[in-house]
Amino acid sequence: MKTYFTLLDILILLALSATSVGSIDFVFSEVPKAYSDNPTEYLQKEAAEKEKIRKAVDILVNFDLTLRKEGYSHPQVHNIKIDSSWAFLNLVSYPNKLESHREAPFIILAIGQKQYDTWEINFETSEEYGRLLSTLPDTLVSNESKANLLTGYQYSLNQPENVASTYSIPGLPWAIGESWKYNRNPITHGNTGEFEFDFGTPTLNVAGTVRAADSGTVIQAKETCLTVRRSGDNLELFYQHIRPTDISNWDIGDPISFGSVIGQTIVQAGCNGETNGHHVHFEFRHSTNTITFIGSSMNGWVYNSAGNLVRNGTSASPNYSDTLLHQSTCCGCTTSLSQKNNSTLLQPDFFDRLAAEGPAYTAVPDPQNTTTTPESWPTLSLPTQAPAFVQNEWYAAWVNKSTLSVNWSLANTDTLTGYQLFWDQSPTTNNSEKPLMLSAKATGAEIPVAVSGAWYVHLRAMSKDGGVSETVHAGPFNIDLTPPQMTSVSLPETSWVSNPQPPTFHWSAASDEASGLGGYRVYWGDDANGQSDALVTETSYTPSETMASSSSSIRYLRVAAEDAVGNVGEWQTVAVWRYDNLPPIGTLAVGSGGEEVRSLNVTLNISGSDQQGAITDMRFSSNGTLWSAWQPYQTTQFWQLANTPEKQAVYMQLRDGAGNVSKPITAEVVAVLNADNPTSSSYELASSTFGMGGGTKSSASYTVNGTSGQTHETGSASSPSYQVNSGYWVDPDTGCTAVSAAAPLIETTVSNQVKLSWASVPNATSYNIYRSTNAPYFTPSTLYDTANTSPWYDDGAIGTPSSNYFYIIRAVGSCGESVNSQRLGKFDFAIQPGSP
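For the sequence shown, our numbering puts the final residue at 1245, and the numbers step up evenly by one.
Given below as structure tokens:
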């Protein structure tokens, strides 16, 4: 079934205060004085006001579904004229591009009136539109065009809709005396159901001049298209494929007379359709009625069932070669419907009443006060039930939709002219200063809401004389558009751990003031910005993942609160868990890394790395069993080798922040204290000149700040080539600081421990502890333990009478160990039972 839309009886008053700026008046005919020196500023401000109007109309189109025509594009404003606080504009929809042969647009006119910073948009066939049209400034619409539009407006109020009838126009779209080609008719044009024709220019591929086939008012001018509405019956004539420079000479509201030059043809599609040669696309259309093709005529050429145009016995069939259609003078042709209807339809007293009194319904007191309602206004009634909503499950339930789709049954009255629709957060509102005005055929609307809460919809009907029905209410419609709020999380720096099972994590509860909290979306993984649909209801989460051994990873726990209707809050990282099960690796070298050293006091050179985190500690051993205490990681360490000529090992272990300990790292070396006699190609020492020196040694050429050992004078040695009077072997270290000996105290504890304590020695980095059993005057050789600070405890040293322990402490500094501390011992006098 073919569907036609009516001219919409809509008055919409919508405030756009959020996007408005200061009030600015514009006079279209001349630049205001304030901007005469800066026309650019004027044009910018005019463009800003037009943009406000476009936004207002776009919102209204989303409100009222009847503003949209099925099979047509989304309505858009094409033309706007502004004069001070007035605007005249159109709303245009084109047939979908998929049906390229359907070319004429669907057009609705509107008047805008600026109140303070708000543009109120009034679409045609509302009474407000008719009243405003009569008072519109002449700079926007001439008096002649006003008369034409008002006549058509009255026609739409009195004429029943969707009437099928024939239409006639006095001319063809070219000059009298010319003949153009009849290229295509409604059948060969695609059988779209539109009364449309293509007329080719007299000379192939040569532009022709298009003229007005009837008088009327321009209601659309854009690109290559012009639409004219004639007075009396609102028939619209559509012209396309005309030069845009010619179309730009026309604007909405301009009057146009029969035979007026519209412009030259152009091979350009423009606003819609297609073109493949110089021709004019010419079309009849009507916004409310159905055009009966057979019997409709142009300049006396009558369209018949064969698709031919016939006049005075001459028949023209569509083809692309013959110039068949001759434009004769209008005199003697079929009288246009507009000429017939002008005298019978126009009722000036109706518009005078509108201009004097304003729209009747705005003067009606509250409808509950029926004593003040004139008897001449009809009493209307709506169905007793509340409007039925498209989404019934919305009723009383929380939803997160920002648009309410609502529909209702038509009011049962013959005098219905439309509806007033308004919505707020009160269940009993009966009136509104600025309701949404809908046509009498409207059965639904889409209502936008931007604030969460309980909303109610109110509806009442209006009669043509201004009467209003009682208001019916529906609601609550609980709208929740706001996601839950969580407390912002500030994450501290976390340490690496080696436990493969993640712990349970906790976070602060979120809050939601509307539909309530539904739970928390949880993401656990290696993406620092990860998200997930997994939902938990508690404020804690225990990952089920068990980490693989010999691996390292970082995991992020991210949480977003979700309310009962699915609004999801901002994602937050509530925990960063660092897992490291990989031990550090490293290398160890004694001195320079050679196989031999010349001193028992050596420097250990250390390097290490850890895949995650950092190495934090190290410890050492001379046998791989007894280890020194853990100490902070560094790249060098002083160490005392055992006094043995055999190869000996030094063991090291590294530990990272997660507690992972490396395997023992080993370096082997031989301490050579008695070196062979030096030789060279020039000499050989016959006897030893080796000596161990101590203290500072100097000569004219050098000063040695540190020596190892004690000086031994060796006497004189000579040969034919040289003489050595005396000498000493030195191991200088100019960059270290010697430390003094510690002064320890000894005591026992109730836990059978020996406790050694001492005052801190300046520049000491650690303390080496030597112990002997039952030998108070022992020579320290094997390290027993290392302490970083005082005190130090020897567990289990008390309780065995046969074992008495003695201790020496050496402070360790950058030059190695200090001299021995005072010897300390603890005698165990525990009584042993004797034999009977």
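Every residue gets a Cβ at the ideal spot worked out from N, C-alpha and C, and that includes glycine. Small disclaimer: the values here were computed from a predicted structure and weren't measured.
If you count every other CB in all the chains shown that lies within 10 Å of the CB of residue i, and 16 or more means buried, which is it?
i: P909; result: exposed
i: L1165; result: buried
i: L789; result: Model confidence at L789 stands at a pLDDT of 34, short of 50, so the residue's coordinates are unreliable; what they give is reported in the following sentence. So L789 ends up on the buried side.
i: T636; result: buried
i: P664; result: buried
i: K523; result: buried
i: Q1043; result: exposed
i: D833; result: exposed
i: S818; result: exposed
i: Q829; result: buried
i: G539; result: buried
i: K1072; result: exposed
i: V860; result: exposed
i: S1190; result: exposed
i: V689; result: buried
i: G722; result: exposed
i: P792; result: Because P792 carries a pLDDT of 36, less than 50, the predicted location of this residue cannot be relied on, and no value is offered for it.
i: T560; result: buried
Looking at the structure shown, is residue i part of a helix, part of a strand, or coil, going by DSSP?
i: A769; result: In this prediction, A769 has a pLDDT of 28, which is less than 50 and means its spatial position is unreliable; what the coordinates show is noted afterwards. It is helical.
i: R639; result: coil
i: P653; result: helix
i: Q563; result: helix
i: A918; result: coil
i: N839; result: coil
i: S554; result: helix
i: A1023; result: coil
i: R477; result: coil
i: Q736; result: coil
i: T723; result: strand
i: R1007; result: coil
i: G452; result: Gly is not the amino acid found at residue 452; the sequence shown has Leu there. Three-state DSSP puts L452 in a helix.
i: F831; result: strand
i: E458; result: helix
i: D758; result: Residue confidence for D758 is low, a pLDDT of 34 falling below 50, so the modelled location carries little weight; the figure read from the coordinates is stated next. Here D758 sits in helix by DSSP.
i: N391; result: Outside the displayed range of the chain (410 to 1245) lies residue 391, so it cannot be described from this structure.
i: V376; result: Lying before the first or after the last residue shown, residue 376 is absent from the chain, which here runs from 410 to 1245.
i: F497; result: strand
i: N531; result: strand
i: T1034; result: coil
i: L1082; result: coil
i: D1194; result: strand
Need the endpoints of the beta strand (DSSP E) that residue i sits in, please.
i: I628; result: 625-631
i: E947; result: E947 -> no beta strand (DSSP E), and no H or E assigned at all.
i: L718; result: 718-720
i: S895; result: At residue 895 the sequence reads Met, which differs from the Ser that was named. Segment: none, M895 is in no beta strand (DSSP E) and carries neither H nor E.
i: A984; result: 981-989
i: M871; result: 862-872
i: R967; result: 961-972
i: K490; result: 485-492
i: Y1060; result: 1057-1065
i: K1235; result: 1233-1235
i: K523; result: 515-524
On the DSSP letters alone, give me the boundaries of the alpha helix (DSSP H) that residue i sits inside.
i: K543; result: Residue identity check: residue 543 is Ser in the sequence provided, not Lys. Per DSSP, S543 belongs to the alpha helix (DSSP H) from 536-544.
Only counting the same chain, and skipping five residues up and downstream in sequence, which positions put a Cβ closer than 8 Å to that of residue i?
i: V1079; result: E1004, E1005, V1006, P1054, E1055, K1056, Q1057
i: G477; result: In the sequence as presented, Gly is not what sits at residue 477; that position holds Arg. If we look at R477 and ignore the five residues flanking it on each side, its Cβ neighbours are V470, H483, P484, S502.
i: T1146; result: N1172, G1222, S1223, C1224
i: F472; result: I421, L845, A854, E855, I856, P857
i: S640; result: A556, N557, L558, T560, G561, S624, G625, T626, S747, N751
Within its chain, find whatever has a CB closer than 7 Å to the CB of residue i; leave out the 5 residues flanking it on each side and keep chain order.
i: V670; result: T618, R620
i: V1228; result: A1150
i: F1236; result: N1213
i: V1011; result: V999, G1000, W1048, L1050
i: T951; result: T913
Under 6 Å Cβ to Cβ from residue i, same chain only, skipping five residues before and after it: list those, please.
i: T969; result: One detail in the question is off: residue 969 reads as Ala in this sequence, not Thr. Closer than 6 Å at the Cβ level, and outside the excluded window around A969, lie R930, V977, G978, W980.
i: T575; result: T701, G704, S705
i: T946; result: G928
Legend entry - In chain order, each alpha helix (DSSP H) run of at least 4 residues that lies wholly inside the segment 576-613: Counting only runs of 4 or more, we get nothing.
Legend entry - Contained beta strand (DSSP E) runs [length at least 3] in the segment 1199-1224, N- to C-terminal order: Uninterrupted beta strand (DSSP E) stretches at least 3 residues long and entirely within the segment 1199-1224 occur at 1201-1204, 1214-1222, given in chain order.
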